[in-house]
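**Student:**
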Amino acid sequence: MTAAAADVALKGRVGDPFSSAWRRRLPLLPALLYAVAITQLPFIVSIYYSFTNLKDKTQSLIPEPTKFVGIDNYKQIFTDPFFRQAVWTSVQMTVLAVLLSLVFGTAFAILLDRKFLGQGLVRTLLITPFLLMPVVAALIWKQQMFSSLFGILDKILTFLGLSSVQFISAHPLGSIVTVLVWQWTPFMMLIMLAGLQSQPGDILEAANVDGASGLGIFRQLTLPHLRRYLELGALLGSIYIVQAFDPIDVMTGGGPGSTNVPYYVFQDSIGGGFRYGSASAYAIVVVIFAIIIATLALRLLSSLFKDEERA
Amino acid sequence: MASVQYDDATRLYPGTPKPAVNELELTIDDGELLVLVGPSGSGKSTALRMLAGLEPLDDGRILIGGNDVSRVPPRARDIAMVFQNYALYPNLDVAQNMGFALKQQGVHKDERTKRVREVAKLLDLEPYLDRKPRNLSGGQRQRVAMGRAIVRRPQVYLMDEPLSNLDAKLRVQTRAELVELQRRLAVTTVYVTHDQVEAMTMGHRVAVLRDGDLQQVDPPSKLYHEPANLFVAGFIGSPAMNMLPVSVDHAVKIAGVEIRIADAPGGGQRGTVGFRPETVVIGTEGPIPARIRLVEDLGSEAFVHLVIDHEGEERRIVAKVEPPFHGNVDDSVRLTLRGTVHLFDGAEARRATVTL
Amino acid sequence: MKRGARLGVGERRSIAIGIGVLAWVVALIWIFPIAWTVLTSFKTEQDAAAQTFHQGLSFGRYSDIAHSIPGTLSLQTAFTNSLVVVVVSTLIVLLLALPAAYALAIRPVRKWRDVLFFFISTKFLPVVASIFPIYVYAEKWNLIGTRTILVVLYIAINLPLAIWMTRSFFMEVPRELIEAAEIDGTSLVNQLRSVILPIAAPGIAATALLCVIFAWNEYFYAIQLNFASGSTMPQWVISNVSTRGNFLAKLSAASIVACLPVVLAGWAAQKRMIRGLSMGALK
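Read top to bottom, the protein sequences are chains H, X and Y.
Taking the working numbering, the leading residue of the first sequence gets 3, the next gets one more, and so forth.
Taking the working numbering, the leading residue of the second sequence gets 5, the next gets one more, and so forth.
Taking the working numbering, the leading residue of the third sequence gets 0, the next gets one more, and so forth.
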């Protein structure tokens, strides 16, 4: 070690501003400060609003003065049937979309895990839906596929002699989940492909020599190995899918079957209700629940955070 | 138990000019431990994997117990393999690792447990049966890999450098245990290594490979004393055989000293003469003058590196002596050759041998 | 059989071919909606509405959308805005994320788990909730309708993912290399430059690509914080959804144009993405 470095190392132990601990924190600070400033301030302001009856004054006939209402907004949440409905829809939407895209994604990854003619091209085609704008994806499915006036699916049904189905109006949740799965399956596929390719080849060879069939190898060795990749996919996917907004706005515009919590909050605030106070309360409740669930989930999925610490 | 035969087996990787394994002809007897040895790239691992079914054949056949298995997938060949990096199943514990193959065969749980315990006892693995591989030391993992193979009672054992990841002392110890085990179980074993000491101490016979071609297959002593060519002569034995270029004409001149070799061809072509360190005797009298460069005293034996003047150039040779050796660096000494001297022709084949 | 090989020993050729065919069939079905939309973008509106081919195919719709009606968002404006916003925000995200990942992976701070959780938790607050406070302040500071506000927000959106992924890739760098650099007295910046980045490069590329994808495709903030006359590509696409009858072909063309840059980028970088992800996004 050079004299200068030794000097610094010594200094570190004496606890001055350039001590080892602070030198470690320094690179983290820009990102940390930025995140706190941009995300926490709105969060805190939202908390503040949630204790008021803030409304957009330009939208109501009888403008009320903004005042503190304490926890009235929060009390209201538990009696609001539409909010309960939205929560239930959120849960259904997220669980279905995440599970289905994981299943499809894993299946596609398995298909793609070996060489065949045009493998690269197939993979390119399969990931494309993920690259599209969610609004475009929603529009495509709304107009081209599901629409009863123009949609392809409808023409196919007619062609087969079956009666026409109003996909979006009759199955709002299903339609939204379809678009979400269509878009997120490639993302899961990429993660699972990474998982499959990270499995050491000689273990598979050993299993082959030991007499295991392809299916047996998959079930007993590959699937356990893939577990942490499935967990990662589920975690990342949930974080994004639970916030899904664009498809709902484009395809159904809200409505009982397809309004999830973000959309409900939207409708309550800038989407027409202009009740910023109560909308903020909903949002805060959601965040609290999310933190609780995420903490629980991460305790369970400890494999994701279980690293050897670097000294 | 079965014999193994490579019948003109060839493996050519697409895009490469020369086969990795070139028309290999090799028969391994039932119960024999045959070592495939050679430098990296010699094709020994490829040949082993062809036997396992992990590499396809581009030509020729492979037979196990007289049956052509060239097109049979690995799982149906009734072979067991120990991989260089052990390839233990990370999510299964030791007992499950060892019982894995039996489970695939549908062996009943009680029978499985019984057999696993037997082998665990044999290999001193009983205390570790419910540990996962990541909680085992290198030596323990190696034994689990062996146990996994032994439990299966296959027709052939295949081993791909199983000891190379162990530290030196453990390696020597495990080597002896392995040989003992193989003799006891009497199962045909094909063993790959790059370490010629391992090859010499373990195999009933040793097959030397170089660039995909089989150089010689013989019991170790024959490889040592009767190498078929220059490559085998230089590869087997440590320190390596001393080699000097000479002109061959019924006699050769080593450092100006003439040595008659009765069977040597005439004609004066260029060839190589080779003699092992133990044939070099250091003393105060003798025909060859030399200067000491380095003395390596290992306690039980000593090697002296010397420089001689051969055909006008300085050449280094190594002598083996009994310790304690009292010479020093830069001392001048005189050498005598006493023992076996080989003569290799221009095409590197061994042509004649004389004992001085 | 080696991973990903064509044919194992004793494997029936028909099975291998069968899997290949299945993969192709799946891919074609999966991509059908997009393929059909591309086809539609070349039709006339009548054909598009009726799903027929009577009037042939042409680039007509594409030239339609290139010409903008004054007063509405033009393709050129939207494209430029999107480009600037995406590039700037992604660059800044990387600039923030790389040192942060260093502080979480290579010389970790003591509470790195909590820090990581904090970053992820910033994604728990729905965008729709934070929009109002953000709007209020953006208006106060005259940032409505600017690229700046979008850049600022997109950085915040992508930072957690970028930090998480970059950290995983940094964990892949062998300890000895870092130690050697430390002994040589290399500064943090030089460590990043000469040792860490070359190894983690595919992973960083994958991260950057994901940030680009999410930033380019972002709809909510873009709509809410901009005027109708100036925004990014997502808004421009929506502006082509006309209420005066359905212009399906035109909309298809607009959709294709809007998505093309990111799709092409994704296609070009997919191998790197997989390599990046398999390197260690999951440690």
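Note that CB positions come from ideal geometry on N, CA and C, so glycine has one too.
Since the model is a prediction, treat every value here as computed from it, not as a measurement.
1. Any Cβ of chain X within less than 8 Å of the Cβ of Y/Lys282?
2. Please report how far the alpha carbon of H/Asn210 lies from the alpha carbon of X/Leu213, in whole angstroms.
3. Please confirm whether X/Met85 has its beta-carbon closer than 8 Å to some beta-carbon of chain H.
4. Thinking C-alpha only, which one of X/Gly275, X/Asp253, X/Val201, X/Glu230 is nearest X/Ser242?
5. Quick test of your reading: X/Leu182 and X/Gly142, contact by CB under 8 Å. State the CB separation rounded to the nearest angstrom.
6. Strictly by DSSP, which residues pair up with X/Asp222?
7. Taking the C-alpha atoms as reference points, what is the distance between Y/Ala221 and Y/Val236?
8. I'd like to know if X/Pro94 contacts chain Y, where contact means its C-beta is closer than 8 Å to some C-beta of that chain.
9. Which stretch, first to last residue, makes up the beta strand (DSSP E) that contains X/Asp63?
10. Looking at the unbroken alpha helix (DSSP H) that takes in Y/Ile33, where does it start and where does it end?
11. Let me check understanding here. Comparing Cα to Cα, which of H/Ile178, H/His227, H/Ala214 lies closest to H/Pro202?
12. Under 9 Å between beta-carbons, which chain H residues line up against Y/Thr121? List them in chain order, please.
13. Taking DSSP as the reference, what is the three-state secondary structure of H/Lys13?
14. Give every residue of the same chain whose Cβ lies closer than 8 Å to the Cβ of Y/Gly19, excluding the five residues on either side of it in the sequence, and list them in chain order.
15. When burial is assigned at 16 or more other CB atoms within 10 Å of the CB, is H/Tyr265 buried or exposed?
16. What does Y/Gly17 reach in chain X if we use C-beta pairs closer than 7 Å?
17. Show which residues of chain X have a CB atom less than 7 Å away from the CB atom of H/Pro226.
18. Could you tell me the boundaries of the alpha helix (DSSP H) in which H/Tyr265 lies?
19. Expressed to the nearest angstrom, what Euclidean distance is found between the alpha-carbon atoms of H/Asn262 and Y/Pro173?
20. Which residue's Cα is closest to the Cα of X/His309: X/Gln273, X/Asn332, X/Pro291?
21. Please check if any C-beta of chain H sits within less than 8 Å of the C-beta of X/Ala91.
22. Taking Cβ-Cβ distances below 7 Å as the criterion, which residues of the segment 313-329 of chain X are in contact with chain H?
23. How far does the beta strand (DSSP E) with Y/Ser57 in it extend, from its first residue to its last?
24. Does Y/Asn80 come within less than 8 Å of chain B when only Cβ atoms are used?
25. May I ask you to report which of helix, strand or coil DSSP gives X/Val256?
26. Which chain H residues are close to X/Gln108, counting only those with a beta carbon under 7 Å from its beta carbon?
27. Whole-angstrom Cβ separation of X/Asp97 and X/Arg135, contact assumed at under 8 Å?
28. Output needed for X/His254: all residues of its chain with C-beta closer than 6 Å, excluding positions within five of it in sequence on either side, in chain order.
29. Please name the residues in the segment 68-90 of chain H whose beta-carbon is closer than 7 Å to at least one beta-carbon of chain Y, in chain order.
30. At 4 residues or longer, what runs of the alpha helix (DSSP H) sit wholly inside the segment 185-271 of chain Y?
31. Using only the alpha-carbon positions, how far apart do Y/Ser81 and Y/Thr231 sit?
32. For H/Asp204, go through chain X and note every residue whose CB falls closer than 7 Å to its CB, in chain order.
33. At 7 Å on the CB atoms, spell out the chain Y contacts of X/Val76, in chain order.
34. May I ask which residues mark the beginning and end of the alpha helix (DSSP H) holding X/Glu318?
35. Assign Y/Asp183 to buried or exposed, taking buried as 16 or more other Cβ atoms, counted over all protein chains shown, within 10 Å of its Cβ.
36. Kindly say whether X/Pro158, judged by its beta-carbon, lies nearer than 8 Å to any beta-carbon of chain Y.
**Tutor:** Here's the rundown:
1. Here the question's residue 282 of chain Y lines up with position 283 in the third sequence. Any reading at Y/Lys282 must be qualified, since the residue scores a pLDDT of 44, below 50, and its modelled position is unreliable; no value is offered.
2. Numbered from its first residue, the first sequence carries residue 210 of chain H at position 208. Numbered from its first residue, the second sequence carries residue 213 of chain X at position 209. Going by the C-alpha atoms only, they are around 27 Å apart.
3. Here the question's residue 85 of chain X lines up with position 81 in the second sequence. For X/Met85, at least one C-beta of chain H is nearer than 8 Å to its own C-beta.
4. Working through the second sequence from its first residue, we reach residue 242 of chain X at position 238. Per the Cα distances, X/Val201.
5. Position 178 of the second sequence, counted from the first residue, corresponds to residue 182 of chain X. Position 138 of the second sequence, counted from the first residue, corresponds to residue 142 of chain X. That pair is no contact at about 15 Å.
6. In the second sequence, counting from the first residue as 1, residue 222 of chain X sits at position 218. X/Asp222 pairs with X/Val210.
7. Locating residue 221 of chain Y in the third sequence gives position 222, where the first residue counts as 1. Locating residue 236 of chain Y in the third sequence gives position 237, where the first residue counts as 1. Taking the straight line from one Cα to the other gives about 12 Å.
8. By 1-based counting over the second sequence, the position of residue 94 of chain X is 90. Put simply, the CB of X/Pro94 is far from chain Y, with every gap to its CB atoms at 8 Å or more.
9. Within the second sequence, residue 63 of chain X is the residue found at index 59, counting from 1. Counted as a single uninterrupted DSSP element, the beta strand (DSSP E) harbouring X/Asp63 occupies residues 63-68.
10. Position 34 of the third sequence, counting from 1, holds the residue named residue 33 of chain Y. Run containing Y/Ile33: 12-40, per the alpha helix (DSSP H) assignment.
11. Counting from 1 along the first sequence, the entry for residue 202 of chain H is found at position 200. Taking H/Pro202 as reference, the option from H/Ile178, H/His227, H/Ala214 with the minimal CA-CA separation is H/His227.
12. Your numbering for residue 121 of chain Y matches position 122 in the third sequence. Ala37, Val38, Ile40, Thr41, Gln42, Phe45, listed in chain order.
13. In the first sequence, residue 13 of chain H corresponds to position 11, counting from 1. With a pLDDT of 41 at H/Lys13, under the threshold of 50, the modelled position of this residue cannot be trusted, and the question is left open.
14. Position 20 of the third sequence holds residue 19 of chain Y. Closer than 8 Å at Cβ, skipping near neighbours: no residue.
15. In the first sequence, residue 265 of chain H corresponds to position 263, counting from 1. Result: buried.
16. Residue numbering aside, residue 17 of chain Y sits at position 18 when the third sequence is read from its first letter. For a Cβ distance threshold of 7 Å, nothing in chain X lies close to Y/Gly17: the least Cβ distance comes to about 17 Å.
17. Within the first sequence, numbered from 1, the residue matching residue 226 of chain H stands at position 224. For H/Pro226, the residues of chain X that pass the 7 Å Cβ criterion are Asn95, in the order they occur in the chain.
18. The residue you call residue 265 of chain H lines up with position 263 of the first sequence. H/Tyr265 -> alpha helix (DSSP H) spans 263-270.
19. Position 260 of the first sequence, counted from the first residue, corresponds to residue 262 of chain H. Position 174 of the third sequence, counted from the first residue, corresponds to residue 173 of chain Y. Straight-line Cα distance between these residues: approximately 45 Å.
20. Residue mapping note: residue 309 of chain X aligns to position 305 of the second sequence, counting from 1. Out of X/Gln273, X/Asn332, X/Pro291, the CA that lies nearest to the CA of X/His309 is found in X/Asn332.
21. Reading the second sequence from its first residue, position 87 is the one you call residue 91 of chain X. So yes, X/Ala91 belongs to the interface.
22. Taking 7 Å as the Cβ-Cβ cut-off against chain H, none of the residues of the segment 313-329 of chain X qualify.
23. Numbered from its first residue, the third sequence carries residue 57 of chain Y at position 58. In the DSSP assignment, Y/Ser57 falls outside any beta strand (DSSP E), carrying neither H nor E.
24. No chain B is present in this structure, whose protein chains are H, X and Y.
25. As a working mapping, residue 256 of chain X is identified with position 252 in the second sequence. Here X/Val256 sits in strand by DSSP.
26. The count along the second sequence starts at 1 and reaches residue 108 of chain X at position 104. Within 7 Å Cβ-Cβ: Asp212, Gly213, Ala214, Gly218.
27. As a first step, residue 97 of chain X must be located in the second sequence, where it is residue number 93. As a first step, residue 135 of chain X must be located in the second sequence, where it is residue number 131. Their Cβ separation, rounded to whole angstroms, is 6 Å, which keeps X/Asp97 and X/Arg135 in contact under 8 Å.
28. As a first step, residue 254 of chain X must be located in the second sequence, where it is residue number 250. The residues are Ala268, Gly270.
29. Listed by position, the residues of the segment 68-90 of chain H near chain Y (Cβ gap below 7 Å) amount to none.
30. With a minimum length of 4 residues, the continuous alpha helix (DSSP H) runs that stay inside the segment 185-271 of chain Y are 196-215, 219-223, 232-238.
31. Working through the third sequence from its first residue, we reach residue 81 of chain Y at position 82. Working through the third sequence from its first residue, we reach residue 231 of chain Y at position 232. Cα to Cα, Y/Ser81 sits roughly 5 Å from Y/Thr231.
32. Position 202 of the first sequence, counted from the first residue, corresponds to residue 204 of chain H. By Cβ distance, chain X contributes Phe87, Asn89, Ala91.
33. Locating residue 76 of chain X in the second sequence gives position 72, counting from the first residue. Simply Gly9.
34. Here the question's residue 318 of chain X lines up with position 314 in the second sequence. Secondary structure note for X/Glu318: it is in no alpha helix (DSSP H), and the uninterrupted beta strand (DSSP E) holding it is 317-325.
35. In the third sequence, the residue the question calls residue 183 of chain Y occupies position 184. Y/Asp183 comes out exposed.
36. In the second sequence, residue 158 of chain X corresponds to position 154, counting from 1. X/Pro158 does not count as touching chain Y.
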